Every structure is written in structure tokens, then in C-alpha cells.
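What follows is a single structure, written as C-alpha cells, with notes after it.
In full-length UniProt numbering, the protein residues as written are 1 to 397.
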């Protein structure tokens, strides 16, 4: 067995910092990655419970990570204490032998009295990090949201290699920036629809039996749609921060060069297992972000189509009103041209409803967020239960 107390102390400080990062990530997810309650149209009402369930699972997974990393920090410090106790006992035995020979030895120096200090992280998020919105017209989602678990694991493997002493590679918390709120396309559609249809929507009510503004815009699309973009960005940033935590942990086995023996081997194996589990959660966060981003991308395209259809509807209603010489209020338009125009308007309304149904399909796809997060939750909770049963004494040998 061989151990460097200064090296082990620095390892403990690195792990303790990761505990702080994970605590910050959990608070960030709970406060940033959900859809806030408030006035909501039918579509956002469908998103809200799915988003709340995803945030709850994310918080549950991160509590497990906190437990695991807290154990790692505590076990590292306890290991130092256990090794030191063994060294002190050996020194005392040797001192008694030397005393019998008429020699005296100084007391064993406690390396904890002047502990080494871990320097700042070697890197942090760039000042421009997080400035881009979570979606951009439906393109580049895979690149924006981290790709697959295999890609993430390959990235972590790239963090390992070459010892530079015990350091913290990255300031993971620096990636927890305020997410970009996303585009205002739904707000723009609502603001544009009111003046476009406001003077003729009464006629639509007479001809169709319902208000186009109410049925096609207000009822389905009310609420803060920018929250979708904020939540998507939040999940992406949380995933990135978790990858940085995993990188900080995964490089420790390579940095610990003087610690040898079964305890050291157990430490390396455990810390790599924890790192890989955190990578799995990071990939799940990226998946949730991608699912939310898909809702935003589909909604953006749907709103563009709906805007075009509303222009056609408004133009047709205005023409019908003028041709029938309908005054500012009252009067029912009749005649063959009117019936033909009503059929056209109904066809356009049907297309609007189809566009809205595409958004609903994307929202239903967000139900997969639970399936993305649940495996990571189970792995981490199992790991937390396992390490919770371990003690420093069980790995010091």
C-alpha cells in the first residue's frame, strides 16, 4: 500500500466541489426547466403535466447524484483519516521499540494540519455560451442537444489521459446560464391575427357558427410559448453541466498517481462508475431538451402556415362582406358565391386544425421524456443505495 496524503486531500476537494455543482444543477432544473403555471391554451395545458413530471424525475435523479458524490467526498476524507490512524499506530509501536533502546522519536506529523489548497477550475463556460435559442426552425437539433449516449461517453473518455496533478478540469456550474427564451412566433401570430380578422370575425361567426380568432388562435394557443424555449435551453444547459461534472470525476483516476493498493483500485472503479452514470443522466437531459425543442420547431412551422391561411380567410371574408354590401354590423350574407366562399374558408380552417394537430403530436411525443429519464434515475438510485452501504473502512486496505 502506498498513499500521498496531499494528493488524497486534493482528490477530496475535487469531489466536494462536484457535490456543490450537482446541488446547483438540481436547483437549476427545478427552477428553470419547467413550464410555469398560469393562463394556458389547450396545447400548453397538454405540455404542462408532462413537463412537471420530467422536472420531478430530473430532481429525483440529481438527488441520487448528490448522495453518491457526497459519499465520495466523505469516503475520501475518511480514507485519509484511516490511513493516518494506521501510520500513527505504526509510528507509536516503533517509538516504543526505540524508547527501549534509549532513543526517542518526534511525534508523527499530522499532514492535515496544513492541507493543500485546490486551485481554480482550468476552464469554464465561454462568455457567449447560451446565447443561441434552443431551436432554429427545426434544423440542427442533434448538434444542439448533444447527440447520443455513446457520443457523450466517447467525450468523457477523451477527458482521461495524462496526469497533470490533481486539478478540477472544468467549472461545471458556469454552464448554468439563464436559457434563451426562444422565439416569439406564437405571440406574433396572436398579435397579428387580431387586427387582421377583428373587423370581419363577426361575419365568420355568422357563416361558420364560431369565431376563428377564438377557435383557431386564442383557445389553442394562449399562454407563454417562450417558456418552451426556456425549458429546452435549461435542460440542455443542465446536461452540459452534468457532462462537465462527469469529466471532472472521470479524470481523477489518472491524476491519482501515487495511491496504490486495493483501496486505490476500489476508488478508481467506483469513481468511473459514478462518472458513467452521470453521463447517462446528461444524455437523458439532452433528450428531454430535444423533445421540447421539437415542440417549438413544429409550432414555429405551424404558426407560419396558420398566418398564411388567416390572410386568405380574412381576404375572403372581406370580399364576401363587400360583395354583399354588408354594413358594419348585422346582416347575413347569402347566395351561391357566398356558399362557395364558405366552403373555401372551411377548407382553410381544416388546414389550420391540421397544423394545430401537428403541434399536439409533438407534445404527445414529449411523453417519451419520462422514458428517457427513468433508466438514468434507476441506475443512479441503485448506485446511491450501493455506495450508501459502503464505509471508509471497507475500502481501506
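Ideal Cβ positions, reconstructed from N, Cα and C, are used throughout, including at glycine. As the structure is a computational prediction, the values presented were derived from the model and not from experiment.
Worksheet item: Can you tell which of 292, 387, 317 and 46 has the C-alpha that lies nearest to the C-alpha of residue 201?
Response: Taking the chain shown and counting its residues from 1, one reaches residue 201 at position 201. It is 317 whose Cα lies nearest to the Cα of residue 201.
Discussion item. If contacts are defined as beta-carbon pairs under 8 Å, then residue 271 and residue 47 qualify, I think. What distance do you get, rounded to the angstrom?
Written reply: Position 271 of the chain shown, counted from the start, is the residue given in the question as residue 271. Position 47 of the chain shown, counted from the start, is the residue given in the question as residue 47. In fact, because the Cβ distance is near 38 Å, the residues do not count as touching under 8 Å.
Item to complete: With residue 30 as the anchor, note down where its alpha helix (DSSP H) starts and where it stops.
Response: Looking up residue 30 in the chain shown gives position 30. First-last of the alpha helix (DSSP H) with residue 30: 5 to 32.
Fill in: Where residue 122 sits in the DSSP three-state scheme
Looking up residue 122 in the chain shown gives position 122. Residue 122: coil per DSSP, three-state reduction.
Discussion item. Given this structure, state the Cα-to-Cα distance separating residue 216 from residue 350, to the nearest angstrom.
Written reply: Position 216 of the chain shown, counted from the first residue, corresponds to residue 216. Position 350 of the chain shown, counted from the first residue, corresponds to residue 350. Residue 216 and residue 350: Cα-Cα distance of roughly 10 Å.
Worksheet item: In terms of residue numbering, what span does the alpha helix (DSSP H) encompassing residue 385 cover?
Response: Within the chain shown, the letter at position 385 stands for residue 385. Residues 368 to 388.
Worksheet item: Apart from the five residues just before and just after residue 378, which ones in its own chain have a Cβ nearer than 8 Å to its Cβ?
Response: On the chain shown, residue 378 is found 378 positions in, with the first residue counted as 1. Within the same chain, residue 378 has no close Cβ partners at all.
Worksheet entry | Residue environment, residue 206, which counts as buried when at least 16 other CB atoms sit within 10 Å | Sequence index remark: in the chain shown, residue 206 carries index 206 (1-based). Residue 206 should be labelled exposed.
Practice prompt. Give the DSSP-derived three-state secondary structure of residue 251 in the structure shown.
Written response: The residue you call residue 251 lines up with position 251 of the chain shown. Coil, per DSSP.
Discussion item. So, with DSSP's three-state summary, where would you put residue 426?
Written reply: A query on residue 426 cannot be resolved here, the shown segment of the chain reaching from 1 to 397 and no further.
Discussion item. Mapping the DSSP letters down to three states, classify residue 163 as helix, strand or coil.
Written reply: Here residue 163 refers to the residue found at position 163 when the chain shown is read from its first residue. Residue placement at residue 163 is poorly supported in this model, since its pLDDT is 44, which falls under 50; the coordinates are not used for a value here.
Worksheet entry | Environment of residue 168 [buried if 16+ CB atoms lie within 10 Å] | Within the chain shown, residue 168 is the residue found at index 168, counting from 1. So residue 168 ends up on the buried side.
Fill in: Burial state of residue 308 (16 or more Cβ within 10 Å)
On the chain shown, residue 308 is found 308 positions in, with the first residue counted as 1. By the neighbour-count rule (16 or more Cβ atoms within 10 Å), residue 308 is not buried but exposed.
Discussion item. I'd like the span of the alpha helix (DSSP H) that includes residue 190, first residue to last.
Written reply: As a position in the chain shown, residue 190 is number 190, starting the count at 1. That run of the alpha helix (DSSP H) goes 185 to 197.
Fill in: Alpha-carbon to alpha-carbon, residue 14 and residue 256
Within the chain shown, the letter at position 256 stands for residue 256. Within the chain shown, the letter at position 14 stands for residue 14. The alpha-carbon atoms of residue 256 and residue 14 are separated by roughly 12 Å.
Worksheet item: Straight-line CA distance for residue 18 to residue 230?
Response: Start at 1 with the first residue of the chain shown, and residue 18 comes out as number 18. Start at 1 with the first residue of the chain shown, and residue 230 comes out as number 230. If you take the alpha carbons of residue 18 and residue 230, they lie about 25 Å apart.
Worksheet item: Got a sec? Which residues, its chain only, sit under 8 Å from residue 204 by beta carbon, not counting five neighbours each side?
Response: As a working note, residue 204 is residue 204 in the chain shown. Same-chain partners within the cutoff: 197, 210, 211, 212, 313, 317 and 345.
Item to complete: Determine the contact status of residue 305 and residue 355, defining contact as a CB-CB distance below 8 Å.
Response: As a first step, residue 305 must be located in the chain shown, where it is residue number 305. As a first step, residue 355 must be located in the chain shown, where it is residue number 355. A contact, by the Cβ cut-off of 8 Å.
Worksheet item: Just the Cα atoms here: how many angstroms apart are residue 387 and residue 181?
Response: For the purposes of this step, residue 387 is identified with residue 387 of the chain shown, where counting begins at 1. For the purposes of this step, residue 181 is identified with residue 181 of the chain shown, where counting begins at 1. Residue 387 and residue 181: Cα-Cα distance of roughly 39 Å.
Worksheet item: Should residue 380 and residue 27 be called a contact, given that it needs their Cβ atoms to be closer than 8 Å?
Response: Taking the first residue of the chain shown as position 1, residue 380 is located at position 380. Taking the first residue of the chain shown as position 1, residue 27 is located at position 27. No, these two residues do not count as a Cβ contact at 8 Å.
Worksheet item: In terms of DSSP beta bridges, what is residue 170 paired with?
Response: Locating residue 170 in the chain shown gives position 170, where the first residue counts as 1. Answer is 123, bridged to residue 170.
Discussion item. Which residue wins for smallest C-alpha separation from residue 239, given the options 366, 278 and 358?
Written reply: The residue you call residue 239 lines up with position 239 of the chain shown. Cα-wise, what sits closest to residue 239 is 278.
Practice prompt. Please report the residue range of the alpha helix (DSSP H) in which residue 306 lies.
Written response: Taking the first residue of the chain shown as 1, we reach residue 306 at position 306. Here the alpha helix (DSSP H) through residue 306 covers 262 to 323.
Worksheet item: Hey, quick one: how far does the alpha helix (DSSP H) through residue 201 stretch, first residue to last?
Response: By 1-based counting over the chain shown, the position of residue 201 is 201. 201 to 208 is the span of the alpha helix (DSSP H), which, as asked, contains residue 201.
Discussion item. Rounded to the nearest angstrom, what separates residue 131 and residue 298 at their Cα positions?
Written reply: Residue 131 sits at position 131 when you count from the first residue of the chain shown. Residue 298 sits at position 298 when you count from the first residue of the chain shown. Taking the straight line from one Cα to the other gives about 21 Å.
Worksheet item: Going by beta carbon distance, what residues of the same chain come within less than 7 Å of residue 24, once the five residues before and after it are set aside?
Response: By 1-based counting over the chain shown, the position of residue 24 is 24. Excluding sequence neighbours, residue 24 sits near 173 and 176.
Practice prompt. Can you grab the Cα-Cα spacing for the pair residue 77 / residue 124, in whole Å?
Written response: Position 77 of the chain shown holds residue 77. Position 124 of the chain shown holds residue 124. C-alpha separation (whole angstroms): 27 Å.
Fill in: Exposed unless 16 or more other CB atoms sit within 10 angstroms - verdict on residue 322
As a working note, residue 322 is residue 322 in the chain shown. The residue in question, residue 322, is exposed, as its Cβ has fewer than 16 Cβ neighbours within 10 Å.
Discussion item. Can you look up residue 49 in the DSSP assignment and give me helix, strand or coil?
Written reply: On the chain shown, position 49 is the one that residue 49 refers to. Residue 49: helix per DSSP, three-state reduction.
Fill in: Cβ shell of residue 161 (< 6 Å), same chain only, five flanking positions each side left out
Counted from its first residue, the chain shown places residue 161 at position 161. A caution first: residue 161 carries a pLDDT of 42, below 50, which makes its placement in the model too unreliable to give a value.
Practice prompt. Identify whether residue 399 lies in helix, strand or coil by the three-state DSSP scheme.
Written response: For the chain, the structure presents residues 1 to 397; residue 399 sits outside this window and is missing.
Item to complete: Decide if residue 286 is buried, meaning its Cβ has at least 16 other Cβ atoms within 10 Å, or exposed.
Response: Within the chain shown, numbered from 1, the residue matching residue 286 stands at position 286. Classification of residue 286: buried, given that the 10 Å Cβ count is 16 or more.
Discussion item. In this structure, how does DSSP classify residue 179 when only helix, strand and coil are distinguished?
Written reply: Translated into positions along the chain shown, residue 179 becomes position 179. The answer is coil: DSSP assigns residue 179 none of H, G, I, E or B.
Worksheet entry | residue 132 (DSSP reduced to helix, strand or coil) | Residue 132 sits at position 132 when you count from the first residue of the chain shown. Correct three-state label for residue 132: coil.
Discussion item. Helix, strand or coil for residue 224? Go by DSSP, reduced to three states.
Written reply: Sequence index remark: in the chain shown, residue 224 carries index 224 (1-based). Residue 224: coil per DSSP, three-state reduction.
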